[in-house]
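Structure first, commentary second.
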Amino acid sequence: MEFTDRVLKCVDCGAEFVFTAGEQLFFHDKQFKNDPKHCKQCKAKRTRGSQRVRPETRTTCSDCGAETTVPFKPTQGRPVLCRSCFQKQQANPPAAPEPGAAPSVAQD
Numbered sequence: 162m163e164f165t166d167r168v169l170k171c172v173d174c175g176a177e178f179v180f181t182a183g184e185q186l187f188f189h190d191k192q193f194k195n196d197p198k199h200c201k202q203c204k205a206k207r208t209r210g211s212q213r214v215r216p217e218t219r220t221t222c223s224d225c226g227a228e229t230t231v232p233f234k235p236t237q238g239r240p241v242l243c244r245s246c247f248q249k250q251q252a253n254p255p256a257a258p259e260p261g262a263a264p265s266v267a268q269d
């Protein structure tokens, strides 16, 4: 298969960059389906650790009632825990019924 240099546009900065025949051969050999979307400078910025900023949301812990911030937008009907309550829950997970066990029914 013959490859020729192609000019692509970076989705971050809008600059044009060359997708060389050698790079295309590499992508083909690795069976990558998509062309690169970022120029070398923007790709370098992304790999250096300029991570996305997560939005912090102020909310109240469902267990202890303390005000806390979480790195997501809470959804209706799901409990939101502060860090200490979350860690307690991770250390002591609620006991789940064994698979196949019959549910216990109170007898009068």
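Sequential numbering from 162 applies to the sequence shown in our numbering.
Ideal placement from N, C-alpha and C gives every residue a C-beta, glycine not left out.
For Thr236, count neighbouring C-beta atoms within 10 Å of its own C-beta (all shown protein chains included) and say buried if the count is 16 or more, exposed if not.
Start at 1 with the first residue of the sequence shown, and residue 236 comes out as number 75. Counting Cβ neighbours within 10 Å, Thr236 comes out exposed, since fewer than 16 surround it.
How is the alpha helix (DSSP H) around Lys249 delimited, first residue to last?
In the sequence shown, the residue the question calls residue 249 occupies position 88. Arg244 to Ala252 is the extent of the alpha helix (DSSP H) around Lys249.
Is Lys198 near Leu169, with beta carbons less than 9 Å apart?
Counting from 1 along the sequence shown, the entry for residue 198 is found at position 37. Counting from 1 along the sequence shown, the entry for residue 169 is found at position 8. It is a contact, given that the beta carbons lie within the stated cut-off.
Examine the Cβ distances between the stretch 218-231 and the stretch 177-189 and report whether three or more of them are shorter than 8 Å.
no
Residue of Glu163, Thr165 and Cys200 minimising C-alpha distance to Glu177
For the purposes of this step, residue 177 is taken as residue 16 along the sequence shown, with counting starting at 1. Here the closest residue by C-alpha is Cys200.
Cα-Cα separation between Gln248 and Lys194, rounded to whole angstroms:
Working through the sequence shown from its first residue, we reach residue 248 at position 87. Working through the sequence shown from its first residue, we reach residue 194 at position 33. So the two alpha carbons sit approximately 41 Å from each other.
Please state whether DSSP places Glu228 in a helix, a strand or coil.
As a first step, residue 228 must be located in the sequence shown, where it is residue number 67. In this structure, Glu228 counts as strand in the three-state DSSP scheme.
Candidates Val172, Asp166 and Lys234: which alpha carbon is nearest Glu217's?
Locating residue 217 in the sequence shown gives position 56, where the first residue counts as 1. That would be Lys234, whose Cα lies nearest to the Cα of Glu217.
Assigned exposure category for Cys174 - 16 Cβ within 10 Å defines buried:
Here residue 174 refers to the residue found at position 13 when the sequence shown is read from its first residue. Exposed is the call here.
With distances taken Cα to Cα, identify the nearest neighbour of Met162 among Val179, Gly183, Arg244 and Val172.
Your numbering for residue 162 matches position 1 in the sequence shown. Taking only the C-alpha atoms, the option nearest Met162 is Gly183.
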